[in-house]
Amino acid sequence: MNSLPSTVVAAEQTWRSKLGGLISSLPVALAVLICCLIDAGSALYFEVGVPFEKTDCFARDTTVAVVIVFFVLTVFTVELLANMAASGRSFFVPFNFWNYMDFFVVTISLGAYSPNPKP
(Lines of atoms letter the chains of each structure in order from A and count residues from 1; the text may use other names and numbers.)
(Lines give C-alpha, C1' and ligand atoms only; values in the text may rest on other atoms or scores of the structure.)
Protein backbone atom coordinates (compact mmCIF):
# COMPACT_ATOMS: atom_id res chain seq x y z
CA MET A 1 0.00 0.00 0.00
CA ASN A 2 1.33 3.39 -0.94
CA SER A 3 1.23 6.08 1.68
CA LEU A 4 1.84 9.77 1.43
CA PRO A 5 5.12 11.00 2.84
CA SER A 6 4.62 12.33 6.31
CA THR A 7 5.79 15.85 6.83
CA VAL A 8 6.11 17.64 10.08
CA VAL A 9 4.49 21.01 10.02
CA ALA A 10 5.83 23.23 12.73
CA ALA A 11 3.14 25.57 13.88
CA GLU A 12 4.33 29.01 14.78
CA GLN A 13 4.15 29.60 18.49
CA THR A 14 2.00 32.41 19.76
CA TRP A 15 3.39 35.06 22.06
CA ARG A 16 1.45 33.51 24.95
CA SER A 17 3.06 30.11 24.47
CA LYS A 18 6.52 31.69 24.14
CA LEU A 19 5.97 33.72 27.31
CA GLY A 20 4.62 30.66 29.11
CA GLY A 21 7.68 28.68 28.09
CA LEU A 22 9.95 31.43 29.34
CA ILE A 23 8.15 31.77 32.68
CA SER A 24 8.19 28.02 33.29
CA SER A 25 11.85 27.65 32.28
CA LEU A 26 14.53 26.56 34.73
CA PRO A 27 16.53 29.84 34.70
CA VAL A 28 13.43 31.88 35.60
CA ALA A 29 12.46 29.39 38.32
CA LEU A 30 15.99 29.59 39.75
CA ALA A 31 15.94 33.39 39.64
CA VAL A 32 12.65 33.47 41.56
CA LEU A 33 14.02 30.94 44.06
CA ILE A 34 17.15 33.05 44.57
CA CYS A 35 14.94 36.10 45.16
CA CYS A 36 12.99 34.13 47.79
CA LEU A 37 16.22 33.16 49.53
CA ILE A 38 17.58 36.72 49.40
CA ASP A 39 14.32 38.05 50.84
CA ALA A 40 14.23 35.47 53.64
CA GLY A 41 17.92 35.96 54.44
CA SER A 42 17.66 39.73 54.55
CA ALA A 43 14.52 39.54 56.70
CA LEU A 44 16.35 37.31 59.18
CA TYR A 45 19.41 39.53 59.18
CA PHE A 46 17.62 42.85 59.56
CA GLU A 47 15.11 41.58 62.14
CA VAL A 48 17.37 39.35 64.23
CA GLY A 49 20.98 40.08 63.30
CA VAL A 50 20.98 43.85 63.71
CA PRO A 51 21.23 44.86 67.38
CA PHE A 52 18.54 47.18 68.69
CA GLU A 53 21.15 49.85 69.47
CA LYS A 54 21.94 50.15 65.75
CA THR A 55 18.35 50.97 64.70
CA ASP A 56 17.09 54.52 64.63
CA CYS A 57 14.72 55.95 67.24
CA PHE A 58 11.64 55.25 65.08
CA ALA A 59 12.63 51.57 64.47
CA ARG A 60 12.45 52.16 60.72
CA ASP A 61 13.85 49.74 58.21
CA THR A 62 17.25 50.59 56.82
CA THR A 63 17.60 51.76 53.24
CA VAL A 64 19.28 48.50 52.24
CA ALA A 65 16.39 46.44 53.64
CA VAL A 66 13.82 48.58 51.80
CA VAL A 67 15.72 48.30 48.51
CA ILE A 68 15.94 44.51 48.85
CA VAL A 69 12.22 44.22 49.62
CA PHE A 70 11.21 46.42 46.69
CA PHE A 71 13.54 44.58 44.30
CA VAL A 72 12.17 41.18 45.29
CA LEU A 73 8.58 42.46 45.19
CA THR A 74 9.19 43.85 41.70
CA VAL A 75 10.53 40.48 40.51
CA PHE A 76 7.50 38.68 41.98
CA THR A 77 5.08 41.19 40.45
CA VAL A 78 6.65 40.92 36.99
CA GLU A 79 6.60 37.12 37.25
CA LEU A 80 2.93 37.14 38.30
CA LEU A 81 1.89 39.54 35.51
CA ALA A 82 3.83 37.54 32.90
CA ASN A 83 2.24 34.31 34.14
CA MET A 84 -1.22 35.90 34.01
CA ALA A 85 -0.58 37.21 30.49
CA ALA A 86 0.72 33.85 29.29
CA SER A 87 -2.16 31.89 30.84
CA GLY A 88 -4.97 34.27 29.95
CA ARG A 89 -8.30 33.26 31.43
CA SER A 90 -6.97 29.85 32.39
CA PHE A 91 -4.95 31.50 35.17
CA PHE A 92 -8.14 31.80 37.25
CA VAL A 93 -10.89 29.70 35.64
CA PRO A 94 -9.90 26.11 36.35
CA PHE A 95 -9.20 26.51 40.06
CA ASN A 96 -5.47 26.24 40.68
CA PHE A 97 -4.56 26.83 44.31
CA TRP A 98 -1.02 28.01 43.55
CA ASN A 99 -2.17 30.62 41.04
CA TYR A 100 -4.64 32.06 43.53
CA MET A 101 -2.10 31.96 46.34
CA ASP A 102 0.53 33.67 44.19
CA PHE A 103 -1.99 36.36 43.21
CA PHE A 104 -3.13 37.06 46.78
CA VAL A 105 0.36 37.05 48.31
CA VAL A 106 1.72 39.50 45.73
CA THR A 107 -1.39 41.69 45.96
CA ILE A 108 -1.26 41.83 49.76
CA SER A 109 2.48 42.55 49.64
CA LEU A 110 1.94 45.38 47.17
CA GLY A 111 -0.70 46.82 49.49
CA ALA A 112 1.53 46.48 52.54
CA TYR A 113 4.49 48.20 50.90
CA SER A 114 2.59 50.88 49.02
CA PRO A 115 3.32 54.43 50.13
CA ASN A 116 0.89 55.69 52.74
CA PRO A 117 -0.64 59.03 51.75
CA LYS A 118 -0.45 61.78 54.33
CA PRO A 119 -3.87 63.07 55.46
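Every position in the sequence shown, counted from 1, becomes a number in our numbering once 24 is added. Ideal Cβ placement from N, Cα and C applies to all residues, glycine included.
Other residues of its chain near residue i: CB distance less than 6 Å, five sequence neighbours each side excluded
i     : result
LEU50 : none
PHE70 : ALA89
CB contact flag (residue i, residue j, <8 Å)
i      : j      : result
LEU97  : TYR124 : no
LEU105 : ASP126 : no
ILE47  : ASN120 : no
VAL56  : VAL91  : no
GLY44  : SER111 : yes
THR101 : VAL129 : no
Span of the alpha helix (DSSP H), counted from its first residue to its last, around residue i
i      : result
THR87  : 87-111
TYR124 : 121-136
VAL52  : 50-68
GLY44  : 39-47
Environment of residue i [buried if 16+ CB atoms lie within 10 Å]
i     : result
SER66 : buried
Three-state class that DSSP yields for residue i in the structure shown
i      : result
PHE116 : coil
VAL72  : helix
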